[in-house]
Each structure stands twice: as C-alpha cells, then as structure tokens.
Amino acid sequence: MEIKAHAKLNLTLDVLGKRPDGYHDLRMIMQSVALADTLTLEDNASGQLRVSTNLHFLPNNDKNLAAQAALHWWEARGEKPRGLDITIEKRIPVCAGMAGGSSDAAAVLRALNARERSPLSPAEVARIGERVGSDVPYCVLGGTALAEGRGEILTPLPPLPRCWVVLCKPEFSISTPALFAKIDSVRLRCRPDTQGAIDALEAGDLTGVARRLYNVFEDALPDRQRNRVADLKNTLIQCGALGASMSGTGPTAFGLFDSEDRAMEAREKLEDFGGEVFLTRTV
Ligand code: C5P
C-alpha cells in the first residue's frame with residue numbers, strides 16, 4: 007500500500023501561554039502543500055515492525071514517528087503488534103517546521119485505518135494521532151484548518167485560494183522543545199491577526215491572508231538565525247510574494263505567489279542562497 011504524506015505550513019502561529027502539563031496553548035492556521043513524502047506499507051512474516059528511509063540519519067526503529075503511529079494504532083485497537091515494513095521516501099525537509107515526521111505518522115494511521123473492514127472516522131483516527139504528537143491530528147485531516155489547544159482542537163476553514171508556494175529550509179535546524187522553552191521568556195512584539203486571516207479565507211481573499219502571515223516564534227530565534235529567516239522573507243517579497251513567514255518552529259521560510267513566473271524567479275534567487283528550496287502548491 008502506497009500513501010502520500012503532505013507537508014504543512016503555518017499561515018499564522020500564536021502561542022497563548024504555558025499549560026500545567028508542560029505544553030503550550032496555541033492558536034494557528036495550518037495549510038497543506040503538495041510537497042510530500044511517499045510511504046509504502048507491506049506486511050511481513052517476521053513479526054517485526056521495521057522502518058527504512060532514504061535518509062541514513064533518521065531512526066529505523068520505534069523512535070521513528072511512523073513506527074510509533076503503528077504501535078499506537080494496534081494498542082488503541084486492542085491488537086498485538088504485527089509484522090510490518092514501512093518504507094519512507096523523504097522529500098519534506100527534516101527538522102524544518104513542516105511536520106514531516108508527524109505527517110508520516112498520520113499517513114501510517116490513515117493507511118492502517120483504510121485496511122479495516124469498518125474504518126474509524128477521520129476524527130477518531132486523529133484522536134489516536136494525538137498520542138504520537140501534537141501536529142499529528144491536523145496531519146490526519148489536512149487542508150486548511152484552525153488548530154488550537156496543544157494543536158489537537160481542529161476547526162476546518164475554507165480552503166486558501168490556490169496559489170504557488172516557494173519555501174526554503176536554511177542549512178541549520180531548530181530544536182522544537184528548546185524554542186518552546188525560550189518563548190516563555192520572550193516579550194512578543196506582535197501577535198498574528200488570526201481572526202482577520204480567517205475572515206480573509208472566508209472571503210476567498212488570498213492577498214488578505216498573505217498580508218496577515220505571522221509566526222511569533224520568529225521573535226524567539228537566536229539573532230543570527232532570525233536574520234537569516236528575515237533575509238529569506240525579504241528576498242521572497244522582493245521577488246513578488248504576496249506575503250512571507252516562517253513555518254512552525256522553523257527555520258523554513260515561505261512565500262505565497264499568485265504568479266507562477268514570479269514564483270519560479272523566487273525559487274531561482276533562493277537557490278543562490280543555499281539550503282533546500284522548493285516550488286509547490288497548496289492542496
Ligand atoms: O507533541 P510533540 O511531541 O510534537 O511536541 C514536542 C515538544 O514541543 C513538546 O515536548 C513540547 O516541548 C513542545 N510543545 C509545546 N506545546 C505544544 C506542542 C509542542 O510546548 N502545543
């Protein structure tokens with residue numbers, strides 16, 4: 007069985023505060039893009055759960071979120087683990103703020119659910135995904151959605167009008183837990199206009215959404231990394247992006263375009279900067 011795992015972007019990301027359980031309450035608008043990993047699931051007779059990927063540095067044991075998803079699935083269904091080979095062809099940059107690992111986990115849950123004689127609803131699958139990670143429930147549902155709470159309280163939103171997306175993952179990576187820890191001590195200069203972005207989505211107004219792209223984690227980045235993300239965003243805007251921001255806890259910067267030509271120009275320009283650059287579309 008072959009299945010796609012789409013990357014996500016944050017159109018907005020706000021951190022509302024720290025919770026007693028150590029997590030943070032969030033309010034963010036999520037958007038899927040066509041850039042995706044491909045997963046293949048195959049039963050095996052050995053009884054072992056095995057993961058392999060085209061990236062040698064990713065774990066091939068149950069530290070991999072795709073394997074954790076399968077283990078949580080069987081546990082939630084009251085079944086014993088079975089022999090399963092999960093092969094992942096990674097295209098989504100790793101540690102990039104694009105939920106690559108969470109999306110792989112969500113794809114495994116959707117694939118295992120699809121094999122059931124009476125499959126669970128997407129909301130029930132998302133609830134199992136919560137045990138694997140905060141972004142997994144959204145990745146099960148995909149599309150355009152408001153995510154609140156830890157990220158697991160989801161409200162579908164009208165789709166972002168189709169557009170081109172250019173994104174660049176710089177060479178460095180960010181530790182998600184470290185940035186969450188840092189945000190508690192940072193005085194946030196600005197907050198996203200989440201409601202304004204939702205109103206713009208409801209009006210089908212791409213420019214209105216693009217003008218409101220905002221991620222509070224940019225303020226928590228160390229100076230050098232913040233400057234690098236700012237340079238990428240400026241380049242995207244100079245090339246004609248309607249708006250630009252960082253996704254998740256970064257460091258991927260992205261811009262939204264209503265012209266494919268301008269998006270192609272931006273991709274070329276960013277390739278000179280280094281890092282991993284992609285031109286993709288929203289889905
Ligand atoms: O849920 P997940 O395992 O993906 O989260 C990774 C880390 O990110 C958590 O251990 C926590 O430090 C931080 N986090 C948070 N609040 C959230 C989501 C994640 O503090 N809503």
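Every position in the sequence shown, counted from 1, becomes a number in my numbering once 6 is added.
The C-beta atom is built at its ideal place from N, Cα and C for all residues, glycine as well.
Quick one: residues in its chain with C-beta nearer than 6 Å to the C-beta of residue i, no 5 flanking neighbours on either side, listed in chain order?
{"i": "residue 156", "result": "29 and 140"}
{"i": "residue 206", "result": "214 and 215"}
{"i": "residue 59", "result": "94 and 96"}
{"i": "residue 101", "result": "179"}
{"i": "residue 113", "result": "9, 11 and 45"}
{"i": "residue 217", "result": "249"}
{"i": "residue 243", "result": "250"}
{"i": "residue 284", "result": "41 and 173"}
What are the boundary residues of the alpha helix (DSSP H) that residue i is part of?
{"i": "residue 188", "result": "182-189"}
{"i": "residue 93", "result": "Per DSSP, residue 93 belongs to no alpha helix (DSSP H); it is in the beta strand (DSSP E), 90-95."}
{"i": "residue 168", "result": "Here residue 168 belongs to no alpha helix (DSSP H), and DSSP marks it neither H nor E."}
{"i": "residue 62", "result": "Here residue 62 belongs to no alpha helix (DSSP H), and DSSP marks it neither H nor E."}
{"i": "residue 135", "result": "128-135"}
{"i": "residue 114", "result": "106-120"}
{"i": "residue 68", "result": "Premise fails: residue 68 is in no alpha helix (DSSP H) and is neither H nor E."}
{"i": "residue 205", "result": "200-208"}
{"i": "residue 212", "result": "212-216"}
{"i": "residue 236", "result": "229-244"}
List the DSSP bridge partners of residue i.
{"i": "residue 152", "result": "35 and 161"}
{"i": "residue 23", "result": "31"}
{"i": "residue 174", "result": "259 and 283"}
{"i": "residue 144", "result": "According to DSSP, residue 144 bridges with nothing at all."}
{"i": "residue 12", "result": "42"}
{"i": "residue 48", "result": "91"}
{"i": "residue 221", "result": "19"}
{"i": "residue 288", "result": "39"}
Might you give, ordered along the chain, the residues of its own chain that have their beta carbon closer than 7 Å to the beta carbon of residue i, omitting 5 neighbours on each side?
{"i": "residue 275", "result": "241 and 245"}
{"i": "residue 91", "result": "48, 50 and 56"}
{"i": "residue 107", "result": "71"}
{"i": "residue 177", "result": "280 and 281"}
{"i": "residue 235", "result": "224, 227, 252, 256, 257 and 259"}
{"i": "residue 89", "result": "49, 50, 51, 52, 53 and 54"}
{"i": "residue 194", "result": "222 and 225"}
{"i": "residue 268", "result": "245 and 246"}
{"i": "residue 79", "result": "115, 118 and 134"}
Contact defined as beta carbons within less than 8 Å: I believe residue i pairs with residue j. What is the distance between those atoms, to the nearest angstrom?
{"i": "residue 20", "j": "residue 222", "result": "6 Å"}
{"i": "residue 115", "j": "residue 134", "result": "6 Å"}
{"i": "residue 105", "j": "residue 184", "result": "Not really, about 18 Å apart at Cβ, beyond 8 Å."}
{"i": "residue 87", "j": "residue 77", "result": "6 Å"}
{"i": "residue 43", "j": "residue 110", "result": "6 Å"}
{"i": "residue 98", "j": "residue 15", "result": "That pair is no contact at about 11 Å."}
{"i": "residue 167", "j": "residue 212", "result": "4 Å"}
{"i": "residue 37", "j": "residue 182", "result": "That belief does not hold up - the Cβ atoms of residue 37 and residue 182 are roughly 19 Å apart, past 8 Å."}
{"i": "residue 17", "j": "residue 169", "result": "Not confirmed; about 11 Å, so no contact."}
For the beta strand (DSSP E) that residue i lies in, which residues bound it at each end?
{"i": "residue 58", "result": "55-59"}
{"i": "residue 249", "result": "249-252"}
Considering only residues of the same chain and omitting the five flanking positions on each side of residue i, which have a CB-CB separation below 8 Å?
{"i": "residue 204", "result": "35, 152 and 163"}
{"i": "residue 2", "result": "Missing from the structure shown is residue 2; the chain here goes from 7 to 289 and no further."}
{"i": "residue 82", "result": "134 and 137"}
Exercise for the section: Tell me, please, whether the region 122-136 touches the region 165-178 by the rule of three or more beta-carbon pairs shorter than 8 Å. Expected result: no
Exercise for the section: Give a yes or no on contact between the region 220-236 and the region 193-203, applying the rule of three or more CB pairs nearer than 8 Å. Expected result: yes
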